[in-house]
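Below: the structure, in structure tokens.
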Amino acid sequence: MSAELAFNRSVEVDYGVAEEVAPQVRRIVANNPSPYTFLGTNTYLVGRGRVTVIDPGPADEVHLAAIADATRGERVTHILITHSHRDHCNGARPLQALLGGDILSFGPTGTERGAGAPGLGEAFVDPAFRPDRTLQDGDVVKTGGVTLDVLHTPGHAPDHLCFALVGQRTVFTGDHVMGWNTTVIAPPEGNMAKFLTSLEKLLARHDKVFLPAHGGRVQTPQRVVKAYIMHRQWREQTILTCLEDGVSTIPRIVAKIYGELDADLKAAAALSVLAHLEHMISRGLAVAGQRGHGAQPAAETVAGLASVYSVSTGASSPAS
Ligand SMILES: [Zn+2]
């Protein structure tokens with residue numbers, strides 16, 4: 015089985031220009047490209063006359079001015095946030111100051127696992143973000159002749175929402191499913207078991223188009239979601255093989271399966287391996303050993319402790 019998914023990365027962008035990407039849907043790409051955001055964050059304008067903005071993006075004056083330009087003569091009624099990562103939500107309050115509209119998101123998760131992961135913590139997560147009103151799975155948002163169904167899809171982030179455009183079999187998938195890459199699952203914010211459950215949730219729907227927060231339209235949603243699931247199964251298998259071969263700490267597993275990486279990507283890879291291990295431990299496929307003092311089972315740890323643990327296959331452990 016191949017590790018690499020085939021993504022279409024040949025997307026051209028005109029930053030700041032509103033482009034019609036589906037009936038009643040315009041997209042403006044923010045100029046914040048990075049290894050995590052691809053060409054930048056997609057802001058969607060849904061409806062005409064009365065407009066809902068999905069993910070205002072970063073607090074970038076030029077981008078917010080482009081949203082204001084595109085909606086001149088219209089009224090922004092809602093600003094929806096897929097999740098409280100900075101590249102999606104930091105522009106919410108400044109945009110509201112400019113154009114109005116209620117800010118709606120899942121809201122604080124009570125974050126039992128915290129947002130302070132070293133390397134991938136507050137640089138990504140905005141722990142202070144609060145909406146005007148919270149949304150739950152099953153809620154409905156109506157605006158400018160369109161209706162959006164709210165789907166709670168935790169995994170990439172505990173508060174992650176997708177929004178389904180009713181009657182068009184089109185879903186705004188945020189960072190849950192993207193057109194250019196697999197999604198980063200980085201504990202403590204990310205949770206592999208929940209991510210997989212949220213993928214199954216999308217699979218059970220039969221949508222025609224996904225509009226992600228990064229990258230172009232996904233024209234074959236079912237295939238991409240299945241490929242995401244297979245990719246995770248394949249990755250879990252490679253980690254299991256490492257454990258069977260006695261490669262039993264996260265840094266060594268990362269070195270073995272990813273090869274040479276720069277420091278930033280190495281941290282992300284370690285968190286991804288931790289996410290898989292948590293999921294494997296919860297199903298008895300692996301057990302956390304203890305190296306050093308005060309070690310807890312990995313399922314209860316934050317990412318900063320990732321390197322503390324030695325792990326082994328559940329099968330070979332007397333404890334399982
Ligand atoms: Zn993002």
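Read left to right, the sequence shown gives residues 15 to 334 (this note's numbering).
Glycine residues also receive a C-beta, built at the ideal position from the N, C-alpha and C atoms.
If you're wondering where the values come from, they're calculated on a predicted model, not measured in any experiment.
The shortest C-alpha to C-alpha distance from residue 156 to any of 118, 286 and 206 is the one to 118. Under the three-state reduction of DSSP output, residue 149 falls in the coil class, being neither helix nor strand.
Taking non-hydrogen atoms of ligand 1 into account, the C-beta of residue 276 is found less than 7 Å away from none of them. Considering only 111, 39, 196 and 243, the residue with the shortest C-alpha distance to residue 207 is 243.
Annotated three-state conformation of residue 98 is coil, per DSSP.
Counting other Cβ atoms within 10 Å of its Cβ, residue 37 stays below 16 and is therefore classed as exposed. In this structure, residue 300 has its beta carbon at no less than 7 Å from each heavy atom of ligand 1. Annotated three-state conformation of residue 41 is strand, per DSSP. Residue 147 places its beta carbon less than 8 Å from that of residue 116.
Using a cutoff of 7 Å, the CB of residue 282 does not count as near ligand 1, since none of the ligand's heavy atoms is closer than that. The residues 193, 224 and 238, in chain order, have a CB closer than 6 Å to that of residue 232 in the same chain once the five nearest residues on each side in sequence are set aside. Within the segment 44-77, no complete alpha helix (DSSP H) segment of 4 residues or longer occurs. Exclusion of residue 77 from the 7 Å shell around ligand 1 follows from its C-beta lying no nearer than that to any non-hydrogen atom of the ligand. Between residue 293 and residue 150, the alpha-carbon positions lie close to 25 Å from each other. In the DSSP assignment, residue 156 falls within the unbroken beta strand (DSSP E) covering 154-157.
Beta-bridge annotation (DSSP): residue 33 is paired with 41. Look at residue 209 here: in three-state DSSP terms it is helix.
Taking residue 189 as reference, the option from 229, 162 and 248 with the minimal CA-CA separation is 229. Every alpha helix (DSSP H) stretch that sits fully inside the segment 208-278 and reaches 4 residues is listed by chain position as 235-258 and 264-272. Nearest to residue 86 by alpha-carbon distance, out of 219, 112 and 290, is 112. Of the heavy atoms belonging to ligand 1, at least one sits nearer than 7 Å to the Cβ of residue 55.
Between ligand 1 and residue 196, a heavy atom-to-CB distance of less than 7 Å is absent. Taking C-beta separations shorter than 7 Å and ignoring five residues to either side along the sequence, the partners of residue 145 in its chain run 95, 117, 118, 119 and 121, following chain order. Taken in chain order, the whole alpha helix (DSSP H) runs of length 4 or more contained in the segment 172-207 number zero.
Here residue 72 is buried: its Cβ has 16 or more other Cβ atoms, across all protein chains shown, within 10 Å.
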